[in-house]
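Notes to accompany the following structure.
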Amino acid sequence: MSEFYYSITPDAKQVTAKETLWSFHGVNRYPGPSGTVILHKRRGDQRHFVQPNVADALSLCSPFQTLERHTQTITDALPELRAHKAHTEQTLRTLAEAGLFESSEACWRRLTATPAIPRHDSDCRVFILTCDRPEALQRLLSGLSRQTLPAAVESVWVIDDSREGVNSEHNAQIIASLSSDLNCAIHHVDAGKRNHLIEGLKTALPQHSQSIDWLLAHASWGDYPTYGIARNFSLLLSVGKRALVLDDDIIPEGITPPLAATPLRFGAANQREAGFYASREALAQHTLRMDESPLTAMLHSLGESLGNIIPQHLSGHTNLVGFDGSLFSEHDGSSRALVSQCGSWGDSGTGRASWTIHLDNASIKRLLETSADIEAVLGSRSGWLGYRGPVLSHYATLSQLTGLDHRALLPPYLPAGRGEDILFGIMLQRLHPESVVLNQGWAIHHDPMEDRSERGMLTPLSVTLTTSLLGNWLGREPNDQSGLPVERRLIGVAEQLRRLKDMTPTALTSLIHQELVSQRSVLLSRCFEQLGRCDRLEDAPGFGAWKQFLEASRDQLVSEIQSTDETLFNSSGSNDLASDLARLQEQGGAFAEALTAWPEICDVATTLS
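Note that numbering that gives the first Met the number 0 has the sequence shown beginning at 0, numbered continuously upward.
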């Protein structure tokens, strides 16, 4: 490793490196003169010139470790430096003293300083989302009636999205029969009450009538699934409060993960682990129920600041060892947990089995060792997916029990189609980049009553034009959004959608192709990673089926990447690209208008609900 040329900040603070953990993160990299690299530490505004190989080595140093451990990591990855360990460590120490690293003590102070006043005692409403499944609603309400709901819960609201009138009537009977068994009020938000709220909003905000219909009215969406509409009603009925949102096909009991518990950490959605069982009977034999109500557990830290949450789980800066500093560069003690999620026990809730491609090696090993017929294992919906301990992350994803802190401005859900939860999580991070999602270290029992065995099919991975492309695009925040008020940030998201609407068809088509290639390349790289490791599992019963899935996925993605004449809207049954693009842009424009109107809609909803 070569030393950096010189430092623009010569008065570096001296530290005792061997007693401290260090992380290299929050640093921008720019090309410098004469082949050098300029490193700019955003927090503290430190700037330094280094050689390129120094900058490359520093990219391995984002976890909090001692400088000795960082030196070992670098020399393991770069064999040419093994004979220069002392020089490598001295270079790291010099850069740490110059302010390019963050110490664990400084990070601990940043994350725990000035905690906000505890907010956990604020009012909460429970929302049950149901749609043409009276049996599931009865099972859930019966389970809740046998529990004492948390004192913070003021009421339960059943958002009834049933398309069949007979099912809504049946739901009304179930609610009436069980209402006296709950220790709080319960409300049935049926089609009539939904329409009443819609008309009240349109009367108060006639200039936003189209956006209100787009966000809330079934008539705007025909036969498309409208999970997002139901979630939007739960948002409008919880403005200024905390909310717990329950899918109707859960059993209200928390399940302890089947693996050893881990302490609080920062992580990502694709770091969830999984366990698998060959049948529902095997799943039941391994069920470890929590004593505490899942609703109570979910409310513990919902809306709390990191300054309050972290000291409840960790005792000091040395507990940060191994934490990836890049995951929380922009957070501090005032950052709040605006969303809380949990794992799944039984049915993972995923629409296809392709989620398995993102699992870690140990989880895949557990899958392949369960049975030779891994599709039958996945189709039995008899497993666990989640974290084995509390994890703080950036993005909300999929959870059958979700906590929301709607005392902050939250975005609306995409009203129809699927992927509404992922898109919501991305927009939430755009609005509140300093916030966190608290993933609970336990799972909710998810037990759909209908057969879902077809969801276990390992069909080859494919990337087509879906909501995920829009999410990826919106997730890349423009640089000029930093530091803006949340209302202005929401307008910024709307402006991005308007730009899509105003693009020429040629430009939009080109952008879609760019996004498709980008997603396919990421997924293809993941396939190759899994293929490179899977031969270690060749003795497992499910090895053959897994390898076949990976190879078929690899071939499918390569074919899609190489294709220069694909039909973008192949699922619509239309051969008119111009008309399909125009409809897509029209919906993008409507979404932009709805986002712009959303804060006013929320304000008025508090006077009507």
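Don't be surprised by glycine CBs; every beta carbon is placed ideally from N, CA and C.
Residue range of the alpha helix (DSSP H) that includes Gly474: 466-474
What residues in its chain sit with their C-beta under 8 Å from that of Thr225, if we drop five residues either side in the sequence? Asp160, His217, Pro414, Ala415
By how many angstroms is the C-alpha of Gly98 removed from the C-alpha of Gln89? 14 Å
Which two residues bound the contiguous beta strand (DSSP E) that contains Gln340? 336-345
Using 8 Å as the cut-off, can you tell me whether the segment 121-131 makes contact with the segment 244-262, which would need three or more C-beta pairs spanning the two stretches below that distance? yes
Restricting to Cα atoms, I'd like to know which of Asp446, Gln480, Asn269 is closest to Leu282. Asp446
With H, G and I counted as helix, E and B as strand and the rest as coil, what does DSSP make of Trp220? coil
Candidates Glu96, Ala273, Met502, Ala352: which alpha carbon is nearest Ser552's? Ala352
With DSSP as the reference, label Lys240 as helix, strand or coil. coil
For Leu607, which of helix, strand or coil comes out of DSSP? helix
With 16 other Cβ atoms within 10 Å as the buried cut-off, status of Glu559: buried
DSSP on Phe275, reduced to helix/strand/coil? strand
If you reduce the DSSP assignment to three classes, tell me which class Leu489 lands in. helix
Straight-line gap, Val435 to Asp331 (C-alpha atoms, nearest Å): 11 Å
Closest to Ser278 by C-alpha separation, out of Asp372, Leu204, Gln311, would be which residue? Asp372
Rounded to a whole number of angstroms, what is the C-alpha to C-alpha distance between Ile363 and Thr355? 8 Å
Ser392: which of Asn438, Thr458, Leu358 sits nearest, CA to CA? Asn438
Beta-carbon spacing of Ala396, Ala296 below 9 Å: The question names Ala, yet the displayed sequence has Thr at residue 396. No, they are not a contact pair.
Between the segment 505-517 and the segment 301-317, do at least 3 Cβ pairs fall closer than 8 Å? no
Using the C-alpha atoms, what's the distance from Leu358 back to Met456? 17 Å
What does the alpha-carbon distance come out to for the pair Glu153 and Gln311? 26 Å
Using CA atoms only, rank isn't needed, just tell me which of Ala442, Ser334, Leu583, Met448 is closest to Gln428. Ser334
Considering only C-alpha positions, which residue in the set Trp344, Leu507, His405, Leu367 is nearest to Gly385? Trp344
Which residues bound the beta strand (DSSP E) around Glu252? 249-254
Counting pairs of beta carbons, one from the segment 577-595 and one from the segment 197-214, are three or more of them closer than 8 Å? yes
Going by DSSP, which residues form a beta bridge with Tyr29? Ile37
From Lys12 to Cys106, what does the alpha carbon distance come to, in whole angstroms? With a pLDDT of 38 at Lys12, under the threshold of 50, the predicted position of this residue should be treated as unreliable, though the coordinate-derived value follows. Looking at the two C-alpha atoms, the distance is approximately 16 Å.
Touch test, the segment 529-541 against the segment 486-498, Cβ-Cβ under 8 Å, three pairs minimum: no
Straight-line Cα distance separating Ala442 from Thr369: 21 Å
DSSP three-state assignment for Ser61, whether helix, strand or coil: coil
Which same chain residues end up closer than 6 Å to Gly321 when comparing Cβ atoms and leaving out the 5 residues on each side of it in sequence? Pro62
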